[in-house]
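Protein chains in written order, with the working numbering: chain W, 155 to 1041; chain E, 3 to 120.
Rendered as structure tokens:
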């Protein structure tokens, strides 16, 4: 019998997908039965014939519909078949109430997309763990007074005595490798690493091998690994890369080129906390480890004690409060941003809950509207369980659609904002972009959200007593009071809070947009269409200022740079605040200001499009041994010589003694020969532009005392796109001296965009949040009012019947929505002021409390809120009194 | 006695299967109406099967591979679905018959012994 049972259920399961017998076939059989029964009962049959008894058969046969129902149940798996039926019926929600369905799906999808995006970021930084083997045993080690960095001189500890507790000691020394042998020295950021770096951080090779202990012996050639990126870009993915040698200068030891023998190519997925991974070379000097992998099962406390004992055993003099500190490497990495991430996550969860509450109100409202329909269904014999299931499936369908859409959207958003997240967090995403991808954690949280949303949505219509008792439903349409005053109050408070939050966010977003717009309109004072690249000279080839001046002069004059005519040099990056010096008038020592000293070549002003307001540049004296002349910025001239012409005056410049002990002896005074336009400086933690007092600059001839590093500026006009310009530029410089290190060229415009992009991205983020929360708040207002209208339909009917005008009825509900809006706006304004103060440091030229912005946002939200009240209220006015009363 | 609205599906199911299998074994391949009529006749009207009980039962037997249904034509030229016992069906009938006989014999001996004592 068991075999038969199994066989039956296999059949039935298969039938859920494709029934062996169609409904038509089943019905034919039943009709044949009835026909045969009728034949047997026909009048020509004698009353005492067996047929007489069979006559009962027609009556006994029972109803066709019930038999069909029973057959269908037997054919498939009833529960599944019912689910399908419920699903089909639930989809009618989308055709019969498209507005409700669209609003529900949209608000849930929006909030879930946002929430899951936040969670993906949280997951990447905090939950996923570093993409390393034994990442949970990886600890950051600090040997010093907490908060003061590690004590120097602890490089040579007898670590081998701790073999039982410390598995791996990881340290690295960042460096830039300038690879020679190409057309120009190509900068490749890399690191000198300890032997355990490879195993501890999971470095694997796709070609050749990783570094081995023998590579770390002091003698022999330097064996290195190169990144997958460098392998494909610089070496054209050469399959015979292993064993090739490349010469390179490193910034730390610029005099002698190193010969690096490539022994392996690191797998493309390798991730490190910094971007210095193009060349991984063996660090042959002893180093104190920044990170250690503890042995399995070793408690950090035990390890800390042993390490401290080891340090004390060296007899080193340790300052008061000295101790060894082991902190989870990943924990340390995200320490500073963890609170922010948690706060944002909490806000996102709140937003999802609010959206849930909103949609629950919507569904509740719809369920109430269907009470009559439900009552009729009950009367026709539908079981209450069946109706409850239908409502629950409706909620489940909404939850599934919204979660799926939200999850997909969150992936897009997360990858879209990855760069912004990294720049704001000041940390690379562990595991790179892939860290934001789907994993078990993200999927289970999405699943959890799905279940939560489904439960809330499924319970909402049931909790609202949407399933009427048969009699009440039929007699009154179930328009009785179905919710308690407390529940109504809670809903009102919720909606008011949503409005408040929305208003605060709208104001915050408006402030940021205003600020970003002002920043972008701001005249920085330079023409940013200029390509800039850092130039580094080697000490060995250019030992003194004279030789460097000669090289730079050639660089500017040589035909090699000619296609990029109008090139200029500057010693500091123009947009960055330089270290200030004190400038004093020689004829009036009481008058002094602090200003940035900027050594530039004479062509600098023309190249960067800085206007000359008075006098001239120092063209004739821009050479080694030229006269001490200077160009000052307009603001500087105005400050030092408020009443007179600056040109022709003299000013002495001193270093900042405590900040710059190595500054050269005081220069002889500079004679001002020209006054140039002000240049704004970007950067810092603020909104991106430093205030007015920092516009002071004094430009002095670079070639009189050039250092080993300078920035080359070439107007982008003659260069074309940076991708083609870069090789040309590098080739031109290599033509002069093949060993000059040239950093990655970029346009000043790109540099400006990067700095200004931050407030702009913050403005975008806030705008998105403001939009979402405004939408949610409006849905909430709409839901509450529409629900109230539904509840009071009979009352309205009576009012209309005794002569209330539609306007009176509408006003009734406006009066209900009014206090809600008012309370929300009131609290929201307070929140907006608080948010403005928080954003203050990020605002440029915009006050944290801008009455105009507040007024506009309040008015906008009030109008939108009033519309959300008016829309359902207007429908109340159009209630047909006869119909309302009859129902 | 399994009958009418109050009949319990579980009680009926075992006996219904046996009754249908036995009927098909006696009549040979037959349609559902003939099976119901025959059962009603031989039980003297005590068991009257409505379509909602009979046909799901036939379908269950078919799903279990005990009978096989095919469309055919009755001697009154009506189209009907004829059910025939399969080999498995015959084996099942024999087994259930034996089981039923044993149960009936046991019950009879218990009941009769009880009557004698009283």
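Built from N, CA and C at the ideal position, the CB exists for glycine as well.
Beta carbon proximity, residue i to chain E, threshold 7 Å
| i | result |
| --- | --- |
| residue 158 of chain W | yes |
| residue 234 of chain W | no |
| residue 187 of chain W | yes |
| residue 1024 of chain W | no |
| residue 161 of chain W | yes |
| residue 184 of chain W | yes |
| residue 587 of chain W | no |
| residue 935 of chain W | no |
| residue 193 of chain W | yes |
| residue 919 of chain W | no |
| residue 966 of chain W | no |
| residue 190 of chain W | yes |
Minimum C-alpha distance to residue i - residue among the options
| i | options | result |
| --- | --- | --- |
| residue 607 of chain W | W/226, W/265, W/952 and W/1013 | W/265 |
| residue 770 of chain W | W/191, W/789, W/800 and W/505 | W/800 |
| residue 930 of chain W | W/368, W/268 and W/495 | W/268 |
| residue 393 of chain W | W/382, W/447, W/401 and W/402 | W/382 |
| residue 1001 of chain W | W/987, W/926 and W/876 | W/987 |
| residue 350 of chain W | W/447, W/256, W/315 and W/372 | W/447 |
| residue 784 of chain W | W/798, W/758, W/796 and W/797 | W/758 |
| residue 60 of chain E | E/77, E/31 and E/107 | E/31 |
| residue 550 of chain W | W/961, W/609, W/524 and W/508 | W/609 |
| residue 691 of chain W | W/798, W/648 and W/860 | W/860 |
| residue 370 of chain W | W/319, W/313, W/440 and W/433 | W/440 |
| residue 866 of chain W | W/687, W/775 and W/319 | W/687 |
| residue 566 of chain W | W/345, W/270 and W/476 | W/270 |
| residue 596 of chain W | W/276, W/698 and W/961 | W/276 |
CB-CB length for residue i against residue j, believed under 8 Å
| i | j | result |
| --- | --- | --- |
| residue 571 of chain W | residue 896 of chain W | Not really, about 33 Å apart at Cβ, beyond 8 Å. |
| residue 1023 of chain W | residue 935 of chain W | 6 Å |
| residue 740 of chain W | residue 855 of chain W | So it is not a contact: roughly 19 Å between Cβ atoms. |
| residue 729 of chain W | residue 905 of chain W | 6 Å |
| residue 384 of chain W | residue 421 of chain W | Not quite, the Cβ-Cβ distance comes to about 13 Å (not below 8 Å), so this is no contact. |
| residue 557 of chain W | residue 613 of chain W | Not confirmed; about 17 Å, so no contact. |
| residue 939 of chain W | residue 1027 of chain W | 6 Å |
| residue 975 of chain W | residue 1016 of chain W | 6 Å |
is_contact[residue i, chain W] using C-beta, thresh 7 Å
| i | result |
| --- | --- |
| residue 20 of chain E | no |
| residue 2 of chain E | Any question about residue 2 of chain E goes unanswered here, given that chain E covers just 3 to 120. |
| residue 54 of chain E | yes |
| residue 105 of chain E | no |
The beta strand (DSSP E) enclosing residue i, as first and last residue numbers
| i | result |
| --- | --- |
| residue 81 of chain E | 81–87 |
| residue 426 of chain W | Note, residue 426 of chain W: premise wrong, no beta strand (DSSP E); not H, not E. |
| residue 831 of chain W | Per DSSP, residue 831 of chain W belongs to no beta strand (DSSP E) and is neither H nor E. |
| residue 743 of chain W | That residue, residue 743 of chain W, is in no beta strand (DSSP E); it is neither H nor E in DSSP. |
| residue 343 of chain W | 340–347 |
| residue 75 of chain E | 69–75 |
| residue 684 of chain W | 684–690 |
| residue 806 of chain W | 804–808 |
Residue interval of the alpha helix (DSSP H) (run including residue i)
| i | result |
| --- | --- |
| residue 1046 of chain W | Here chain W has residues from 155 to 1041 only, and residue 1046 of chain W is not among them. |
| residue 385 of chain W | 382–387 |
| residue 889 of chain W | 876–890 |
| residue 967 of chain W | 960–993 |
| residue 269 of chain W | 252–276 |
| residue 461 of chain W | 454–467 |
| residue 1026 of chain W | 1005–1031 |
- Query: For the segment 33–50 of chain E, which residues have a CB atom closer than 8 Å to at least one CB atom of chain W, in sequence order?
  - Reply: 33, 34, 35, 36, 38, 39, 42, 43, 47 and 50
Residues, ordered as in the chain, of the segment 57–73 of chain E that lie near chain W by beta-carbon distance below 7 Å:
57, 58, 61, 62, 65, 66, 67 and 68
Query raised in the report: Taking any Cβ of chain E, which residues in the segment 213–230 of chain W have a Cβ under 8 Å from it, in chain order?
Result: 214, 215, 216, 217, 218, 220, 221, 223, 224, 225, 227, 228 and 229
| said: Counting only Cβ-Cβ distances shorter than 9 Å, please list the residues of the segment 417–432 of chain W near chain E, keeping chain order. | reply: none
So if I threshold CB-CB distances at 8 Å, which residues from the segment 76–89 of chain E count as touching chain W?
76, 78, 80, 81, 82 and 83
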